[in-house]
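Data block below; observations after.
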Amino acid sequence: MITLDVARAHIDELHREAADYRRAAAAPSTWRRLLSRAAKRS
Numbered sequence: 657m658i659t660l661d662v663a664r665a666h667i668d669e670l671h672r673e674a675a676d677y678r679r680a681a682a683a684p685s686t687w688r689r690l691l692s693r694a695a696k697r698s
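Quick note: the sequence shown uses the numbering used here, first residue 657, plus one each step.
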C-alpha cells in the first residue's frame, strides 16, 4: 500500500531528476554558443 506521502516524495524525486537531466542537456548547447562566439572573434 503506497501512502500519499510516499507517492508525493517519489514524484518530487522524479521531478528533481528530470530537472537535473534538463540542466545537463542544456549545458552542451551553452558551451557550443560560447565556443562558436570565440571562434568567430579570432
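Idealized CB from N, CA, C, for every residue including glycine. Since we're looking at a predicted model, the values are computed, not measured.
I need the straight-line Cα distance from Ala694 to Thr686, nearest angstrom please.
Roughly 12 angstroms between the two C-alpha positions.
Could you check the C-alpha separation between His666 and Ala675 for me, to the nearest Å?
Just so you know, the alpha carbons of His666 and Ala675 end up roughly 14 angstroms apart.
Which first and last residues belong to the alpha helix (DSSP H) in which Thr686 is found?
Thr686 -> alpha helix (DSSP H) spans Leu660 to Arg697.
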